[in-house]
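To keep things clear, I will list the structure first and then write my remarks on it.
2 protein chains.
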Amino acid sequence: MSKETIELEKDHTHDKDFIASKQLIESMNIVDIAAALELMNKVTAIETFRMMPKNKAADVFAYLSREMQQHIVESITNPEIKSIINDLFVDDAVDFIEEMPASVVKRVLANAAKSQRELINQLLKYPRDSVGSIMTVEFVDLKASHTVAQAFDYIRKTGVDKETIYTCYVIDSSRKLLGIVSARALLLAEQTQKVSEIMKTSVISANTMDDKETLAPKFSKYDLLAMPVVDNEQRLVGIVTVDDAFDVQEQEATEDFEIMAAMSPSEEPYLKTSIRKLAKNRVFWLLLLMLSATFSGAVISSFEDALTALPVLVAFIPMLMNTGGCAGSQSAVLIIRGMALSEIKISDILAVWWKEIRIAVLCGAALVVVNFLRILIMNNDIIVALTVSLSLYVTVIMAKTVGSLLPMAAKQFRMDPAIMAAPVITTAVDAISLIIYFNLAKIIMGF
Amino acid sequence: MSKETIELEKDHTHDKDFIASKQLIESMNIVDIAAALELMNKVTAIETFRMMPKNKAADVFAYLSREMQQHIVESITNPEIKSIINDLFVDDAVDFIEEMPASVVKRVLANAAKSQRELINQLLKYPRDSVGSIMTVEFVDLKASHTVAQAFDYIRKTGVDKETIYTCYVIDSSRKLLGIVSARALLLAEQTQKVSEIMKTSVISANTMDDKETLAPKFSKYDLLAMPVVDNEQRLVGIVTVDDAFDVQEQEATEDFEIMAAMSPSEEPYLKTSIRKLAKNRVFWLLLLMLSATFSGAVISSFEDALTALPVLVAFIPMLMNTGGCAGSQSAVLIIRGMALSEIKISDILAVWWKEIRIAVLCGAALVVVNFLRILIMNNDIIVALTVSLSLYVTVIMAKTVGSLLPMAAKQFRMDPAIMAAPVITTAVDAISLIIYFNLAKIIMGF
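Those protein sequences? They're chains A and B, same order as listed. Heads up: the first sequence begins at 17 in the working numbering, then just goes up one per residue. Heads up: the second sequence begins at 17 in the working numbering, then just goes up one per residue.
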């Protein structure tokens, strides 16, 4: 919490400090104002919110939590709602409306200007994870026949309502995208040049129905500030700005971390998520993994005779399982991340597998040597050392195979590869490594 | 001081001896030339320095005192600086730049070739992972007294060499940052307005020494296109643009994925990394985890009598270990990620732990019920079912405690919290859960 935030909160508890608060608000960043409002009691928050100038209020509103947004909308008058919803960028309005209960949505849409309402309804139609669902429709569109001077006039006239003016889009009469012009190119060009002369026609664009996960790799590769979004007829319908792509990237990474640790992904920050929700997100996978460990248990039970005859074998089970699980998840994680960043494709599957096999042979050799010596020193039993080490080698190679192939198979079957991370790999590797271990023990030790 | 040095100093005081001096310099050792320059008056030193062949000049420069270096840089032309800075060894350039005032640093970096500058930025006084190591120095700096029209003239004139012109930085005569002006604000303002009237003074900035990991959360929170970077005296020394922050975010996430899967992080894409390198990145952690599994093995060995007496207990070891490991890594991953996104702070440690305990109680209850019924049905042994289920409950609570506290402890001790992910948690949880299991079995079953 910044010093200003504390001050704002404190000040506002006294009405005589109203003017001071107002000045403070004027000097503060909208994101920080939003954070300060979240910390106030609800009555004070509403009072403070109403005190803000109209256009600032809408900006701040976009950064509030869903709860606070709902509370504000339920507390203010229809004209106030109207002013906020019409001042919001359409993509922010859509984000907000998507989370609200039906009664609030109805009241908000009823107060939106017709054009704004139409845009909102249009964006609400795109699927949850599509590019369409996060694009904005407030962009600057230029005509190819415009001169640079005309373009600037147009930007000055309409720019204030646009989400970005730094990339302008040149379209023809049927709204097909012809090219893009950066504000930089406009600024550095002669006033009399035509837009068509300075526009770039090789444009990186997205389709409304593309998965929003595909945006970040493109933004990153081409260092874009915004990307045009076209429909199936190549008509320009919106743009995605870099800040939204940035947020998507952060969310997607968080989601992958969560899925890879066997949790249902959640968009709320940890400290704001309820115990019930967190428990619910975790318990399903825990149950599944607990039950699938029954396989490993069954493998052990079926070799009970061997274990009774040679109980020393039991002591190496955790080492085999952990090393195998870790070897497998190393491969899985690199491949899952590589696919998420579009660095690895399904068609690379054989190259990846062959690479992992050779890594397994190298890593396995080091592990086996150390392991063999350790057992020899600590247990002084060359047969046990041999059995365990050989099992370990085969386990590492098997684990890297499983770890590399499962995520790619998941992708092939249109599942999220992140599901095939540590927990699943561990369960699979556990059972297989135990089978390898006991069978090798049987062969080598002959019981 | 050598005889030659004295001679050089003496010789150069006479212009007619210019050619002799040049020959002398050619024959002298660079360290001696540097020592000689230090002894000359400043005007003569500059003349002598300029007389030297280009590559020799750079070599000599590296041996000069900081004062003399500054004096030289302030006295020569940009092309001369360029030739020196590009010829300098990077570590020498860094040593030099580290000591210079911001104005000199800016001029030197602006004249370095791109590749040289990247290396310098990376090595400069700024540690490898600091904001300073990734910032750029090509930004537009405006004066508060400029009119909008003057600002545009300035941008048109200098903008072509700047990394971004969309955010301009307003500085005072000592290069202290006064505010920022977006190109958007300039475009929408009247030509006669002053920059000081339209600049924003509440600026989100970074310090050169901040960890570059801290950039992405700020870019994301405040939706920035660029962020100014200041030194300890609040002087503007560079900026970070959103594309670089984007790349850092992607790299940091990838690094966290790798560390959390027990690998040394690598910046190269998977398919372009050699087998040897990949194996090297993985083998250390595999070895460490393999050896630490010895603890779990030792626990099992110490209860060998119990296991021989009741071999059915062995079959539940994988279930207990996997469920515990998974429960612990769920907590660890959420907390590691929360800290990476600055959502969770060290001071939240008690709140986090208390949250995790309650989640463990909830999740554990569900697991225990299912587990108890499964064992009852499959093994038809209520004592075993009770022992295993109770062990499972205690293990889950213990695992969530370990999983939440270890990453925060790592952060407290300035280690990367990501190290405390699945593999480490698994190893710790394994050994503790086995101790819980066997001791509970001993108490309940009484052997």
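Cβ coordinates follow ideal geometry from the N, Cα and C atoms, glycine included.
Judged by DSSP in its simplified three-state form, Asp432(A) adopts coil rather than helix or strand. Residue-level contact by beta carbon holds for Asp446(A) and chain B, with a gap shorter than 8 Å.
When Leu158(A), Asp111(A), Asn395(A) and Ser190(A) are compared, the shortest CA-CA separation from Thr183(A) is found for Leu158(A). For Pro334(A), the closest Cβ of chain B is nearer than 8 Å.
Here Tyr238(A) is exposed, its C-beta having fewer than 16 other C-beta atoms within 10 Å. Here Asn102(B) is near Ala128(B), since their CB atoms are less than 8 Å apart. The secondary-structure analysis by DSSP pairs Pro244(A) across a beta bridge with Ile255(A). In the structure shown, the three-state DSSP call for Ser146(B) is strand. By DSSP's assignment, Asp239(A) forms no beta bridge with any residue.
Short of 6 Å from the beta carbon of Ala222(B), and not among the five residues preceding or following it, lie these beta carbons of its own chain, in chain order: Val147, Met243 and Val245.
In the three-state DSSP reduction, Gly419(A) falls in the helix class (H, G or I). Cβ proximity to chain A below 9 Å picks out Ile220, Ala232, Pro233, Phe235, Ser236 and Lys237 from the region 220-237 of chain B.
Closer than 8 Å to the CB of Val400(A) there is not a single CB belonging to chain B.
For Met151(A), no CB of chain B lies under 8 Å from its own CB, so it is not counted at the interface with that chain. DSSP lists no beta-bridge partner residue for Val153(B). Cβ-Cβ separation between Gln265(A) and Glu283(A): approximately 14 Å, too far for a contact (criterion under 8 Å). When 9 Å is used as the limit between beta carbons, Asn338(B) is near these residues of chain A: Leu305, Met306, Ser308, Ala309, Ser312, Met337, Gly341, Pro439, Thr442, Thr443 and Asp446, in chain order. In chain order, Pro285, Tyr286 and Leu287 make up the part of chain B whose C-beta sits under 8 Å from the C-beta of Gly354(A). In the pairwise beta carbon analysis, the region 372-388 of chain B is classified as not touching the region 432-445 of chain B: fewer than three pairs are separated by under 8 Å. Following the DSSP letters along the chain, one finds Tyr453(B) inside the alpha helix (DSSP H) bounded by residues Ala438 to Met461.
Annotation: Glu115(B) has no Cβ neighbours in chain A at a cutoff of 9 Å; minimum Cβ distance is about 33 Å.
Judged by DSSP secondary structure, Gly340(B) falls within the alpha helix (DSSP H) whose first and last residues are Ile333 to Ala356. Neighbourhood of Lys458(B) in chain A, by CB distance below 7 Å: empty, with the nearest CB roughly 17 Å away. Lys416(A) sits buried, since 16 or more C-beta atoms from the chains shown fall within 10 Å of its C-beta. By the CB criterion at 8 Å, Leu392(B) and Ile399(B) fall outside the cutoff. Secondary structure at Val219(B): coil, using DSSP grouped into helix, strand and coil.
Within its own chain, the residues whose Cβ lies closer than 7 Å to the Cβ of Gln86(B), once the five positions on either side in sequence are excluded, are Met116 and Val120, listed in chain order. Segment contact: the region 280-296 of chain B against the region 209-227 of chain B, fewer than three CB-CB distances shorter than 8 Å; contact not assigned. Arg172(B) has a beta carbon lying within less than 8 Å of a beta carbon in chain A. The beta carbons of Ile62(A) and Ser81(A) sit about 14 Å from each other, so the pair does not count as a contact at 8 Å. At a C-beta separation below 7 Å, Thr324(B) has these neighbours in chain A: Thr324 and Pro327. The Cβ atoms of Leu104(A) and Ala74(A) lie closer than 8 Å to each other.
Within the same chain, Leu125 come within 7 Å of Arg133(A) by CB-CB distance, once the 5 residues on both sides are set aside. Take Trp301(B), set aside five residues on each side of it, and the residues of its chain with a beta-carbon closer than 6 Å to its own are Ala278, in chain order. Those residues of the region 171-196 of chain A placed with their C-beta closer than 7 Å to a C-beta in chain B are Ile171, Arg172, Gly175, Val176, Ile181 and Tyr182, ordered along the chain. The secondary-structure analysis by DSSP pairs Asp48(B) with nothing; it has no beta-bridge partner.
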